[in-house]
Structures are given as structure tokens and as C-alpha cells.
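Residues 4 to 289 in our numbering are what the sequence shown spells out, letter by letter.
Cβ coordinates follow ideal geometry from the N, Cα and C atoms, glycine included.
This structure is a prediction, so every number in the text was calculated from the model and none was measured.
All remarks here apply to the structure that follows.
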Amino acid sequence: MTADVTRFAPSPTGLLHLGHAFAALFAEHAAHASGGRFLLRIEDIDTARARPEFEHAIEEDLAWLGLSWERPVRRQSEHFAAYAAALEALRRRGFVYPCFCTRKEIAAEIAASAAAPQGPDGPLYPGTCRRIDPKERERRLAGGTDHAWRLDTARAASAVGPLTFEESGAVPEAGHVVAQPVMFGDVVLARKDTPASYHLAVVVDDAAQGVTLVTRGLDLLPATHLHRLLQELLGLHVPHYRHHRLITDDAGKRLAKRDQATALRTLRERGVRPEDIRTQLGFTSR
Ligand code: GLU
Numbered sequence: 004m005t006a007d008v009t010r011f012a013p014s015p016t017g018l019l020h021l022g023h024a025f026a027a028l029f030a031e032h033a034a035h036a037s038g039g040r041f042l043l044r045i046e047d048i049d050t051a052r053a054r055p056e057f058e059h060a061i062e063e064d065l066a067w068l069g070l071s072w073e074r075p076v077r078r079q080s081e082h083f084a085a086y087a088a089a090l091e092a093l094r095r096r097g098f099v100y101p102c103f104c105t106r107k108e109i110a111a112e113i114a115a116s117a118a119a120p121q122g123p124d125g126p127l128y129p130g131t132c133r134r135i136d137p138k139e140r141e142r143r144l145a146g147g148t149d150h151a152w153r154l155d156t157a158r159a160a161s162a163v164g165p166l167t168f169e170e171s172g173a174v175p176e177a178g179h180v181v182a183q184p185v186m187f188g189d190v191v192l193a194r195k196d197t198p199a200s201y202h203l204a205v206v207v208d209d210a211a212q213g214v215t216l217v218t219r220g221l222d223l224l225p226a227t228h229l230h231r232l233l234q235e236l237l238g239l240h241v242p243h244y245r246h247h248r249l250i251t252d253d254a255g256k257r258l259a260k261r262d263q264a265t266a267l268r269t270l271r272e273r274g275v276r277p278e279d280i281r282t283q284l285g286f287t288s289r
């Protein structure tokens, strides 16, 4: 068995709840079971929503749960230059294009089309700016028109050929999974207000931190198909994946940051002990 490096990668946009506790314990357990290392990464790319007090609360709640992690903790907001370099590498090879559409224009175009294809995150971008005349594109760029950068997913996928990733979670697709990044359409990799998207930052970070086993919720399994393509385009090390179940409330609904009832802080204040949480979530051995 290889000694795995795993990570827990929360966004500091609210308090951690039982679902986060499960994800963190799952990652730590996978690392320790293999004699490996457990890391914490703060995904604070969305600087408008991320708050230092939540980052502080994350560390406090995880320590209370009995977790420890390596330092320094990687904070995405300190690595925008690395994401910009990755984007530039894609741009030089013609795998991304500038998109000048506003959200409103995209919505109108989708509404007007008879059959707008759906991706894992909603309707796919109709590709308007992919088809712009190159001279017009240069003119708008030179004129400083606001733009995002989108991956030309189909073109990039056909340039690299078929890809697979290793999935060891308790999911039907476990094993050698054929990546299908095209289902995402032309995703945004960077915007003016957010210089790197989740997808771009996560592949750069997992490689920079030497993560060998990505553990995360099943909701992110589709994203792995796209991450695999980005890793190939950027020449990054490809980790293995283990997606896990999502913790739900009594009504079977996924926990959300706005539900205070399952916040670790609330539970702690009510006298719940860390060992009770570990047991409830199925992590009994230390
Ligand atoms: N930051 C992401 C989240 O809060 C997790 C990203 C990942 O594990 O890849 O859901």
C-alpha cells in the first residue's frame, strides 16, 4: 500500500457542519490508514464571500474534533499567480478563449434555443464567443472589454485523446473510469472578479501539495471528469480518487452551511463531545 497524501479543502464561507466533519475525518482516516499525511487547504478564491473569522473557526472546530494537519496551511488566495500561469499555459496552446458574454446574454441565448444541452452544473454555455471572428476577438481584447476565459473543452479533449482516472469510492462507477469532460461544455476557468475557478485552482493545488488521493463528496464526482482533462493539459500529476457519501438531515436533505442546527459549534455548545460525533459518523477507531 502506498502512503497517501490526502486533504480536506473547505471554503471559509460559513461554519463547518456534520457533513464537513465527515469529509475531514474521511480524508484523515484514509491518510493514516496508509501511513500517509493529511493536509488542510483553505479554498478562499471567492474573496467576496470568504472571511478570516470562518477560517479561524474551521481550524478551531477541526482541532476540537481531534484532527491535526501539516503546516503551513495552503490558502488559495495566496496563489493567484500559480493559477494565472496555468491559464497562460492553456492560452498559449489555444485551449482557452476569451468570453465577452454577460450572464444575461447567456441566459437569453439559452432561453431562445430549442434544446439547450444540460451539464452537471446546469445548461451548457452555447459557445457564442468560441465562434467569434478572430479579428473581432483581438479588437475586443485590445479595447479592454471585460471577459472571462473559457476552456474549449471539446477541442482540448480531442487533442489529448481518451483519459481515465482511478476511483475507489463505494460508487457504481468505481475502478478505471473513462473521463467525459465534454459533459461540462466550455467552463469558465477565470473571470475578472475571480481570477481562477474552482476547477483550475483545485488541480493546480492538488499537484502543488503532492496530494495522491483526493477524497471528497459524491457531489464532486462529475467535476473529476473535467479535472482529469485539466491535469492532462497542464502536465500535472494525477491523483487517485475516492468519493464518499453525503451526510443528510433526518428528512434526507443534504446539509447546508445556513442550517445552524448541525454546525459543529452548535453541537459543541450543546454539550456534544467529539467522540460522539466520530461515533455518529462511523469513525470509531483512533
Ligand atoms: N472546496 C470544496 C468544497 O467546499 C471542496 C473541493 C474538493 O474537495 O475538491 O466543497
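Using only the heavy atoms of the ligand GLU, determine whether one of them is closer than 6 Å to the beta carbon of residue i.
{"i": "E46", "result": "yes"}
{"i": "S200", "result": "no"}
{"i": "S14", "result": "yes"}
{"i": "V205", "result": "yes"}
{"i": "R219", "result": "yes"}
Give the DSSP-derived three-state secondary structure of residue i in the structure shown.
{"i": "Q121", "result": "strand"}
{"i": "E176", "result": "coil"}
{"i": "A204", "result": "helix"}
{"i": "T5", "result": "coil"}
{"i": "V181", "result": "strand"}
{"i": "P126", "result": "strand"}
{"i": "R78", "result": "strand"}
{"i": "P198", "result": "coil"}
{"i": "E73", "result": "coil"}
{"i": "F286", "result": "coil"}
{"i": "T105", "result": "coil"}
{"i": "S161", "result": "helix"}
{"i": "D209", "result": "helix"}
{"i": "R94", "result": "helix"}
{"i": "T50", "result": "coil"}
{"i": "R231", "result": "helix"}
{"i": "T148", "result": "coil"}
{"i": "R273", "result": "coil"}
{"i": "L239", "result": "coil"}
{"i": "A135", "result": "Before going further, note that residue 135 is Ile rather than Ala in the sequence given. Coil."}
Who are the Cβ neighbours of residue i in its own chain at under 7 Å, not counting the five residues just before and after it?
{"i": "H23", "result": "P13"}
{"i": "R281", "result": "L28, T287"}
{"i": "R219", "result": "A26, H246"}
{"i": "V217", "result": "D209, P242, Y244"}
{"i": "R133", "result": "Y100, D155, D189"}
With distances taken Cα to Cα, identify the nearest neighbour of residue i among the options.
{"i": "P126", "options": "R133, K138, I113", "result": "I113"}
{"i": "V99", "options": "T105, R140, A111, L267", "result": "R140"}
{"i": "A226", "options": "S200, G238, V214, Q212", "result": "S200"}
{"i": "V185", "options": "L239, A159, V206, F168", "result": "A159"}
{"i": "A211", "options": "G238, H228, L229", "result": "G238"}
{"i": "R95", "options": "L154, D7, Y244, V275", "result": "L154"}
{"i": "G69", "options": "A84, P75, L90, F41", "result": "F41"}
{"i": "Y128", "options": "R268, P137, V206, R106", "result": "R106"}
{"i": "V180", "options": "P165, G213, A89", "result": "P165"}
{"i": "D209", "options": "R219, Q183, G178, P242", "result": "P242"}
{"i": "Q121", "options": "E56, V190, R54", "result": "V190"}
{"i": "A193", "options": "D279, E108, A84, V275", "result": "A84"}
{"i": "E235", "options": "A145, T167, A111, I48", "result": "T167"}
{"i": "A110", "options": "L93, A92, T131", "result": "T131"}
{"i": "A88", "options": "G146, A173, A204", "result": "A204"}
{"i": "K195", "options": "H32, P175, S37, I48", "result": "I48"}
Opposite residue i in the DSSP bridges: which residues?
{"i": "T251", "result": "R257"}
{"i": "Y244", "result": "E170, V217"}
{"i": "T154", "result": "Reading off the sequence shown, one finds Leu at residue 154, where the question assumed Thr. Note: L154 sits in a beta bridge opposite V99."}
{"i": "V191", "result": "R153"}
{"i": "H20", "result": "A266"}
{"i": "I113", "result": "I113 is not bridged to any residue."}
{"i": "F11", "result": "L43"}
Considering only residues of the same chain and omitting the five flanking positions on each side of residue i, which have a CB-CB separation below 6 Å?
{"i": "T148", "result": "F103"}
{"i": "E58", "result": "P15, I45"}
{"i": "L233", "result": "V206"}
In chain order, what residues of the same chain lie with their CB nearer than 8 Å to the CB of residue i, ignoring the 5 residues before and after it?
{"i": "P123", "result": "M186, F187, P225, A226"}
{"i": "L284", "result": "L21, A24, F25, L28, I250"}
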